[in-house]
Every structure is written in structure tokens, then in C-alpha cells.
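Read top to bottom, the protein sequences are chains A and B. All residue numbers for the first sequence refer to the numbering used here, where the first residue is 3 and numbers rise by one. All residue numbers for the second sequence refer to the numbering used here, where the first residue is 3 and numbers rise by one.
Protein chains: 2
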Amino acid sequence: MVSMLRVCLVLYLTLVVGIFADNATPPPIKKVTAKPTEAPKTTTTSPSPSPTTTPVASNGNETIGNASLSNTTQVNTTVTSTTLATTSTTKAMVAPLPAKGAAEEEHHSSMTIFFVLSVIALCVLIIHVLLKFNFTYLPESIAIVIVGTILGGILKLFSSYGIGNWQSEEAFDPTMFFLILLPPIIFESGYNLHKGNFFQNFGSILVFAVIGTFISAMIIGGGVYLLGLAQVAYKLSLVESFAFGSLISAVDPVATLAIFHALDVDPVLYMLVFGESVLNDAVSIVLTTTVLELASPSASAMSGAEAFFSTVWRFCSMFVASAVIGTAFGLVSAMLLKFVDLRKTPSLEFGLMLVFSYLPYGLAEGLKLSGIMAILFAGIVMSHYTHLNLSPVTQITTQQTFRTVAFMAETCVFAYLGLAISSYSHIVKPSFVIWSIVLCLVGRACNIFPLSFVMNYFREHKITRKNQFIMWFSGLRGAIAFALSLHLEFTSEVRHVLLTTTLIIVLFTLMVLGGATLPLLKLLKAEKRKKTKPGRELNLSKTKEMGDTIDTDHLSELTDMEDEVNYVKPHLKGFMKIDAKYLVPFLTRRLTKEELRDGTNQMKTLTNQWYQEVRAVPSEDEEDEEMQNLTAQEIR
Amino acid sequence: MVSMLRVCLVLYLTLVVGIFADNATPPPIKKVTAKPTEAPKTTTTSPSPSPTTTPVASNGNETIGNASLSNTTQVNTTVTSTTLATTSTTKAMVAPLPAKGAAEEEHHSSMTIFFVLSVIALCVLIIHVLLKFNFTYLPESIAIVIVGTILGGILKLFSSYGIGNWQSEEAFDPTMFFLILLPPIIFESGYNLHKGNFFQNFGSILVFAVIGTFISAMIIGGGVYLLGLAQVAYKLSLVESFAFGSLISAVDPVATLAIFHALDVDPVLYMLVFGESVLNDAVSIVLTTTVLELASPSASAMSGAEAFFSTVWRFCSMFVASAVIGTAFGLVSAMLLKFVDLRKTPSLEFGLMLVFSYLPYGLAEGLKLSGIMAILFAGIVMSHYTHLNLSPVTQITTQQTFRTVAFMAETCVFAYLGLAISSYSHIVKPSFVIWSIVLCLVGRACNIFPLSFVMNYFREHKITRKNQFIMWFSGLRGAIAFALSLHLEFTSEVRHVLLTTTLIIVLFTLMVLGGATLPLLKLLKAEKRKKTKPGRELNLSKTKEMGDTIDTDHLSELTDMEDEVNYVKPHLKGFMKIDAKYLVPFLTRRLTKEELRDGTNQMKTLTNQWYQEVRAVPSEDEEDEEMQNLTAQEIR
């Protein structure tokens, strides 16, 4: 028996011998006693001037013999234990063992997740109540921010009485925001985007997003700097001013979507605001990073013109590369699901969809491009091509899951904005805050009105005065700006001032401008748009909209199209024509009759299954009996 | 204009004044220049003997003025920045700003996610190929481990030639495993569990899981210790031996499920092995932590008997409390979805399901109980009650999503096991490894055979000799043991030895025992079970099983029941009776006829939508036309 085992073992070891062999010799061992109190001392004695500039560089150290150094608790497992690594570098390229205290950390993270999920559950119920009592004048996003604020206050109260300590649970973590919360929101908006409108207005959107945001950043950054010099407001350095101007210039897609989505606004207006808000994020990120780089000593040798062109070049390459990555992943997913028939294994099919919905974001962010742009384009391409290659079950699952996850992520974002009021320490500079808000409004005015004026020369569908006004008014700032402000690397006081100011501007635009959007629209509508359908009321709830349109989503898209520029029916032009003639046939699958029948039957079986399981009202009358028979017949 | 804004601002500030007020005064600012190279020095000078035993304690420090300390890159944002906090504690209860370098860390994490998702996509395709060519003799789990091994080797090769550095991407992170990968796997298995069989065999499962695991741990721990003393194998201290014995004794649910799920084994056998593997995880965790605690100086005053009773007491309370938490959350979700009608807003409905599927895990782990037990019970309760309160769309979405996420998590786990071979540095002690494997087999034999013998006195459905043999044989160790071994806090050499040994045992049981399970079953079956249905072949693919049974899952459960002890039809007994008579009516909703019709119509509309969108083969013959008309009629 033992010999057989040995043989097996040797065989397996041979398989991986190349990997094992060079590690099999025990490295020099330094016995470090693992008592936690000794850890800091050990840190002090360690000679490590470990290179800290690039994160990859410090990974080369082997941590055999010094794992106990990382004993200072709350150190996140894999990653951090290398940072304090001493000089016993026997081999590179090997991952360190997790730091001690990792198990403890785990319990803490569990509690954080529990907290977040509880907040989401609470918000779900509150939204349900809002919907049920038709309390449509309070947008969901604002309701959730208020919930977050109140919750933050309560936790603060608890903490001050010593009941629990929640400050790490309630803190808004920008990494979590960018990696977990933002991608599903943007992907979902791309997936359910009205593609026709988006691409028809692509030129205008681009102009607003790029030139407009640049104008706004210049005005806010310059304004803040000059006001600081003039001693009117808090004094910031040139770099700090423009970094702040850049990050606060981007209109936020999350906030804007939440307010606009369900409004019965002019679809072109919606598309302009939405498109701008998605694309200008990239602009804002590039501007902010560029400003910060210009401040670094290595870049100060550059002349102004050089800096300008480098910024422009960076933006263009970032924009194009991100879009290409997103589009490429979308196309690959369509091809894969066309030729690899996964419809018999829905788990694999849906799994592939989930993977492909995040892949472009991961790659683009990893390459320091704009993940948000990549995922937007991936969403658009996937809904246009890949969606058609899915089995009906996976179609439903995909759509529902993306929607739900996006909804949950949005809820999180707004709740965290509310919580941020009490979870960070703030330095309020009233004059700075007020002037910043004024500059934001002025900057946005200088973006929208002149550019609209110019673009109306080229547009068929002019941007009316009223729409311009709404566009100006709806310049909501949101979580992206706030997350960027958390990432600024200035001195502590400046960080806190900018953080606080950004948070106040975000909340102000969300509460005041966002809250006033519905009344404003009503006012404008009363004068102008009479042709709104009588049955459809204004409705600020995106969630309800989701429920209502669950079964008519793609259909409604068609009817919307007919309302407008009807490019579908008589003559397709440009890209649309190529798309319908070549791309769609190339990228989507042609189903045989059998496959169609399979799909339909599968759905029927599922329906029947539900029907059978569910507890119905006892069948007193015949009608019910009859219906049951009917369903049973249909299935056979 | 400005005055209006000021008014709004003041109003809002008043709202949150209690929170802002005490933070408005700027804290004493210590200007620390943010040059990265200075960071280690600063760490050295910091006097912080920050208490490292409890992670919460060190959170009270405010990091204003010292955020640059955490500048050592790769530090995970929110959590870690407190650990290096200096003594400038001006205010407690406030979250620190993210450490600098957080934005950099984000790009790195993105790349990690991209890497993981790419691996999953690759595995999906490989599994598809395996299924397509009906290559059923290689279990999917083993295939994926091999993929992981090969991938690890390739990355190693790349790294050694200096092409990229992947060691943090490919490292198995136990925190990620316990927080993200394990919960969906266990929840899904609970959700799709054959509840009748599970509860009928609950007594036996409990005995195997608790007493059996305890026996096994004692034998392995004692054996390893004695062999060490006798200089036969690597020498471990008493604590280290028993810690190792405890963590390696737990049979792994993930590995076992992956191998067993689709096998057409005796359902009772399946349930015994599965049930044991889920519950003994809790036992193993409690044993391991208890052993480690006994080693700490504070506990050494306890006598042997005290320690024993404290262990027993801890286990019982942990077991009961975890199960109660899981059950409670399940029941709450059922009640919520019964009384709160979310069927018009599927996003909210599905969101609530997602939240409730994770909440019990978060709470149980946060309270240092067994999250895995809590989530198992929540899954069981939710599939039994909550599932019936869902709209058909959400039912489908829920089931598909849970399955897919569980599948993806499993894929990750196995891929990481393969990658772990090359991502950690190993110290192989051949004699220790071989003796450990022998002791594992002996320990499991001492668990299964005597306990089965005893229990057969009490069981109606006896455990046959053959089933006992299969149970012994199928004691696969898996990722839980490996993750626990990563969390051990011994000296570095011992850690590496135990890590390596655990990994080899895991791979050995998975590859050799797991791989031999199918031939073994065939051998045994050829002799004995003739009554297997002719149409159904042995199939090691869980994924294919998923696809096949997608529409008959809950129905098949009923038919299975009839096969066996048929407690459903003639007379329900015990809990089953109470359940059917009181609990189900209490916890599930009675649908009105209208609601039934709505549900059916919703599904029809969705089917139709798919039918309309999809590109069908051009309708040449009439049959197709006919079918289209038929479908159209049905929908009207």
C-alpha cells in the first residue's frame, strides 16, 4: 500500500518537478519567535530600505524566516506582507505567505460585508415603500443618501457611547468603488443603451465631454487659484487648484442616470447628458493625473506647449485604446458564443457572459486606461451582438442579473455618500465651498451654452434653449469625483479641505439640482411638450421603470426609434447599413427550427415548473381548473 | 443667485450639523513631505507599539498628518493605513483617508481580476471541450487543477525570463477564498440539496462529522507527533502536530461535491459524504483554533479536562449558533418576500435574494462562528420556503445565477490549487509527506468503519460494506485545508513544511483518490447495482448535469423521493408533517389566479421576445411559418 502511494507521489512530483526542484532545498532559517509584541521591534531593526516606488519591485523578496514581521495586525494578506520584507532574499518570483493576523482580518471583512448588505436590504425596502405609496417626488438616489446620512449619524452616536466601532465599515473605499461598484453600473447602462441615439449624437457628446470638460476644468481651476491668491477663499497651489478643477468638472454618470433614466425627457437630451457623463470621466481622470504629473520634478522641465500636447496625446490614445479594448472584447464574446454552442450548459454560457462583462474593465484599468470607457463599449457591443447568441434562459438571467447588480451597486454608492459625511473628518472652509459651487455652475455654463451654440450649426436636431438649460442644470457631480478626491496625494490639510468641499458639492448638486430637476421639467413641459402619452406619468423611479419594462425592453427600443429619426425602415445609412448587412450576420448565430423549438420548450417547462410548485388559491371554481389543464396541454 | 445657494448650503449643513460641528476645527497639522523613499525611515522612527492583538483597538488613531507613512506601496487602502498610525490621536472614530499609492494599488488589483477572469474563461472553454467530446473519465476538477499547474509553470517561465511578474496574481489568497469563493459554493449546494435525504441522515452525518473528524484529528496529530519524536519524520511540536491533524482531517465539500455530484451513486451515500464534508469543516476550524489557543500562555493554566470541555462547549455553541443564524435569515427572507410584494420589481426581488444569500455568512464569520454552516442552513431554508414566493423570472434568475457563480468559484478554487504549486516556495519533507498521507488514510478508516458499525445498529437503511469503502476512499481534502494551512502562525519553516505537505495531500487525494472514484464505482456497480436506469450513463461532469437537469431539478427531487423511503405519500411523520401542515402555509404565499396568469404571461412574453429577436433560419417551408403563427397565437 505504502509503496503504491509512494509511486503515485513520485509520479506527481515528477510532473511538477521543474517547479519544485529549485525550492526543495530548505533556505537558511532564522527562527523568529512569533510573539506579537515583538513585531514592531523587529521592524525597527530590519535594515530594509525596500524600494517603495514600484509595487512590483518589492515583491522579489522571499519572506521565509520573516513572516512574523508583518505581525502588525490588519495587514491585508497576500499583498502587504512583502512590504516589510527583510533582506533574506533567497529567491525571487515567489508569493509570500499571508501575514499573520490574516484570519482575524477576515472576520473583520465579513462584518464589513454584512454591514454593507444590511444597508442594501434596508434600502431595497425603503425603495419599495417609496414605490408603493407612489412618492415619486423624492428621487431614489436622494432617499438613499438621506438614509446613509441618518445611518452614519446613528453609528456615530453608538460609537460615542462606546457601542461598537464602525468607522472602517462605514468608510467609503475608493478602491472598492472603482473595482466593484462602478463597473456593473456602467456596463448595465451600456447594455441597455439606446444605441441609435448614442451613435447619432456621438459627435456632440464627444465635444461636450472633451472640450466642455476641459473648459470647465480650466475655469474652476483658474478661478479657485485666483480667488486663493486674492485671499477671498482658501489658498491652494496652482497644481492643487487645477487638480481640484479637473476632478470636480466631470459630471457623474451614476447620479445623472439615477435622476434622468426614468424621466420622460427628450431622448436626445437624455443621450447627450448621459453620453457626456460617461465619457468625461475619462477626460477628468486624464486631466487630474496630468496635472499631478506636471507638478512632479521630472516633468517641470517641460514647456507649457509640450505639456499641452502631451495631455492631448494622452487623452486621445487613452480614449481610443479604451474603446478598442471594450469593442474587441465584445466582438470576441459574440464570436465565441456564436461558434461554441453552450446553450445546453447554461452555467457555462452565463459564466462566460459574466467574465466578458468584466474583462475589459480589468484590462483597461490594469493598463491605466479608462476602464469605464472600455466597459461601456463592451456593454454596447455585447447587447447588440452577443445577446442574440444566447439561449432564452441565459438572456433573461443576464439581463436580470446585470440590472440587479447595477441597482445594488448604485444603492451602495449613494448610501456611502451619505455615510461619508460622518465617516471622514472634515475641514469646512465655507467661503471656499461656496465659491467652488459658483465656479462649478459658471464652468458648466461656459461648457454647455457656447458649445451648443456652435454645434447647432452642424446638427439636424437642434439643441433648444430649454434643453440647454436642462443640460446646464443637470450637471450633477457624484461618487467618481468624490473617489478621485480621496486619491489626491497632497498634504493632509489640503486633502481634507478638498475632500470636504467635493463631498459638499456632490451632495449639493445631488440634493438641490437633482431634487429640482423634476419640478423644473414639469414647468418646462407644461409650456411645451404636449405630445406626451397620457397614460405615462412622470416617474423618478428607475427601479419601477425596470419592473415595468422588463418584458418590453428591447421592443420598446424599436418603438422609440420609430418615434424619431426612423433610420430603420426606409433606408439605412452609413454604419447602420454595414452593420445590418454584414456585421450582424457575421457575428450572430442563425438558429435552426429545432433550436428555436428547444428554446421555446425550455421556457415553457420552466414556466410550468413554477406553476406547479407555487401554492395557488384552492381551485373552487372551474375556471382555475380549466386554466391548469390549458397550461398542462400547452406543455405537452 | 449666490445668496440662494448659501441658504441651501446652510440648510443642508444644519441638517448634518451634529456630525460636522465637532470636526470643523482643523486638527493640528504636521506637514510630512510625501516622498516615497522617506517612508521606511518614518516607520522606524514612529514610536507606535500599536496593540496588535485586537484589530479594532488600533483603529482609534486618526491618521491626519501621517498618511504618507503608509506610502510603502501595495498596501490595501482602508484597512492598512491605520496599522502604521503614529500617536497624533486627535479624535477617535473617524476613518482615515486612503493611503497614498491607493490608486496604484487599484491598477494592480484590476490586473489580478483580469488574470483570474481570463483563467475562468479558459477553464469554461476547456470544460466545454471535455463535455463535447464526452471525455468523461477526467473529472472537471482534476482537469482544472492540471490547467492551473500548467499555467503556473508557464508564468514561472515567463517570470524567469523577466516577462512580467505575476506572483501576486497567481497566489492563492485565503481571505479571498473564505470571503468570496467558498460562500457561493456552499450556498448553492444547500439551495439544491435533497432536503429529505439530508435530514433523514442528519444523525449519522453529525456523528461522522463531529466524532469522526475528532478521531481522525487525534490519530493524525498524535501520529505525526510520535513519528517526529521517533525521528522517522519531520519533528513538530505537540501544538503544531495537532493543529496540522485538525486542519487536514476535514473532508472538503468543494472537492467532494465536484467528484460526487453527478455520479449516479446511492443518494444516501452521497448525502452522508456531502453532509459530513460540509459540517466537519466547522469541526476542523474549531479544533484548529482551540489547539492554537491552548498553546497560548494564558490558556496553559487550564487542565486537560478543562480544555476538553471548553472545546466541546465551544463546538456545540458554534454549531448551534451558526445553524440558528442561517435558519433565521432564511425564515426572515421567506417572510419578507411573502408579505412584501416585490414581483413587479424583479430587480428589488432578486437583489433581496442575493443579499440574504450572503448575510448569514457575513454575520457568522464576523462573530467568529462557522459561516459555512450558517450559509448551508440559509440555503436549505431559502430553497424550501423563500423560493416559492418568487416570481417565475426571479426563480430562474436566482437558480441560474447561484449555479453559475458557484461553478465559477469552484473553477477558481481548483485553478488556484494548481497555481499554488508554483506560486509559493515549498519545503518538501518526503518522509513527512508520505507518513501524513498514510495517517490521513488510517485516520479516515478509524473514522468510517467503527462509526458505521456502531450506527448500523440504529439505522433502518444500513450502510453497506461497499458504501463504507467508498466513504473511506472519497475522503478528499481540498481548498479549505489548504487555506487553513496558510493561516497557521508558526515559525516560517514549519509554515512552509505544513503548507507544502497540505498541498501535496490535497493534490494527491484529488488526483489519485478522486480520479479513481469513477473506476471504483464502476467496478462495484458491475457487481451489485443492476437497477440503474439504462438511459443514464455514469457521468463525472457536474456542469453537464446542470444543463441536463435545468428544467427538471425540482421535479426530479420528487421522483427521487418516491424511489426511496416514500415519506411523502402515505403518512408524513415528525417534522415533515409539521412542515407541510403549518410551516409551508405560514411562510409561503398563496397566489391568486390573476397572479398566476401574470406570471405565466410574463414568461410567455419573454419567450416571445427571444423568438422575435433571434435570427432564425429563413422560413423556406411552411412548417416554420406555421410554428411562428402558433407561437404568436399563444401569446395573444
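Just so it is clear, CB atoms sit at the ideal spot from N, CA and C, and this is done for glycine as well.
Specify the secondary structure class of Y2/A as computed by DSSP and reduced to three states.
Past the edges of chain A, shown from 3 to 638, lies residue 2/A, and the structure says nothing about it.
By DSSP, does L153/B sit in helix, in strand, or in coil?
Correct three-state label for L153/B: helix.
Under 8 Å between beta-carbons, which chain B residues line up against L361/A? List them in chain order, please.
Going along chain B in sequence order, the residues near L361/A (Cβ under 8 Å) are F116, L119, S120, A123.
From E108/A to L365/B, what does the alpha carbon distance come to, in whole angstroms?
One C-alpha to the other measures close to 12 Å.
Per the contact definition of three or more C-beta pairs closer than 8 Å, is the segment 398-406 of chain A in contact with the segment 345-361 of chain A?
Touching, yes, given that three or more Cβ pairs across the two stretches are closer than 8 Å.
Using the three-state DSSP reduction, which class does Y360/A fall into: helix, strand or coil?
When secondary structure is reduced to three states using DSSP, Y360/A falls in the helix class.
At 9 Å on the CB atoms, spell out the chain A contacts of E108/B, in chain order.
Residues of chain A passing the Cβ test: P176, T177, F180, L181, E367, H489.
Would V357/A pass as an interface residue toward chain B - the criterion being a Cβ-Cβ separation below 8 Å?
Yes, because at least one Cβ of chain B sits closer than 8 Å to the Cβ of V357/A.
Using 8 Å as the threshold, is the C-beta distance between N203/B and G277/B below it?
Contact flag set, yes.
Whose C-alpha, out of M320/B, S279/B, P269/B, is nearest the C-alpha of T292/B?
Taking the Cα of T292/B as reference, the smallest distance to any Cα among M320/B, S279/B, P269/B is reached at M320/B.
Name, please, each residue of chain B whose Cβ falls closer than 7 Å to the Cβ of Q397/A.
Residues of chain B passing the Cβ test: W612.
Report buried or exposed for L289/A, applying the criterion of at least 16 other Cβ atoms within 10 angstroms of its Cβ.
With 16 or more other Cβ atoms within 10 Å, it is buried.
Listing by chain order, which chain B residues have their CB less than 7 Å from the CB of K370/A?
Listed by position along chain B, the residues whose Cβ is nearer than 7 Å to that of K370/A are H109.
In chain order, which continuous runs of the alpha helix (DSSP H) of length 4 or greater are located wholly inside the segment 166-217 of chain B?
Fully enclosed alpha helix (DSSP H) runs of 4 or longer: 169-172, 184-193, 197-202, 204-209.
With DSSP collapsed to three states, give me the class of R345/B.
Of the three classes helix, strand and coil, the one that applies to R345/B here is coil, per DSSP.
I want to see whether chain A comes within less than 8 Å of M605/B, judged by CB atoms only; does it?
Yes, its Cβ sits closer than 8 Å to a Cβ of chain A.
Step through the CB atoms of chain B and report whether any lies within less than 8 Å of the CB of P348/A.
Taking Cβ atoms only, chain B reaches closer than 8 Å to P348/A, which makes this a yes.
In angstroms with no decimal places, state the Cα-to-Cα distance between I436/B and M273/B.
Between the C-alpha atoms of I436/B and M273/B there is a straight-line separation of about 30 Å.
If you measure from the beta carbon of S454/B to each beta carbon in chain A, is any gap under 8 Å?
It does not: the Cβ of S454/B has no partner Cβ on chain A nearer than 8 Å.
Below 8 Å on the Cβ atoms is my guess for D254/A versus L453/A; work out the distance and round it to an integer in Å.
Actually they are not in contact, since the Cβ atoms of D254/A and L453/A sit about 19 Å apart, beyond 8 Å.
Hey, could you find the ends of the alpha helix (DSSP H) T503/A is sitting in?
Taken as a continuous stretch (DSSP letters only), the alpha helix (DSSP H) holding T503/A covers 494-510.
Just checking: is the beta-carbon of Q470/A within a distance shorter than 8 Å of some beta-carbon in chain B?
Chain B, which has no Cβ nearer than 8 Å to the Cβ of Q470/A, makes this no.
Which stretch, first to last residue, makes up the alpha helix (DSSP H) that contains H389/B?
Where H389/B is concerned, there is no enclosing alpha helix (DSSP H), because DSSP gives it neither an H nor an E.
According to a CB-to-CB cut-off of less than 9 Å, which residues of the segment 320-344 of chain A neighbour chain B?
Cβ contacts with chain B: L338, V342, D343, L344.
Measure the alpha-carbon distance for S385/A versus Y360/A and round it to whole angstroms.
When only Cα atoms are considered, S385/A and Y360/A end up about 14 Å apart.
I'd like to check one pair, W612/B with G601/A: are the Cβ atoms closer than 8 Å?
Against a cut-off of 8 Å, the Cβ pair of W612/B and G601/A comes out as a contact.
Against L208/A, what residues of chain D qualify as contacts under a CB-to-CB distance less than 9 Å, listed in chain order?
Going by chain labels, chain D is absent from the structure shown, which instead holds the protein chains A and B.
Is DSSP giving R479/A helix, strand or coil here?
It is coil, neither helix nor strand.
For a test of the three-state rule: what should DSSP assign to L371/B, helix, strand or coil?
L371/B sits in coil when the DSSP states are folded into three classes, being neither helix nor strand.
Mind pulling the chain B residues with CB within less than 8 Å of F409/A?
For the C-beta of F409/A, the chain B residues within less than 8 Å are, from N- to C-terminus, S349, L350, G353.
Cβ closer than 7 Å: which chain B residues qualify as neighbours of T609/A?
The contacting residues are P394, T602, M605.
Let me confirm a value: I2/A is counted as buried when at least 16 other C-beta atoms fall within 10 Å, else exposed. Which label applies?
The question about residue 2/A has no answer here: the residues shown for chain A are numbered 3 through 638.
How is L593/B classed by DSSP in three states: helix, strand or coil?
DSSP places L593/B in strand when its eight states are reduced to three.
Quick one: grab the DSSP three-state call for Y163/B.
In the three-state reduction of the DSSP assignment, Y163/B falls in the coil class, being assigned neither a helical nor a strand state.
Which two residues bound the contiguous alpha helix (DSSP H) that contains V435/B?
It spans 432-457 - the alpha helix (DSSP H) in which V435/B sits, taken as one unbroken run.
With S239/A as the anchor, note down where its alpha helix (DSSP H) starts and where it stops.
Boundaries for S239/A: no alpha helix (DSSP H) harbours it, and the DSSP string shows neither H nor E there.
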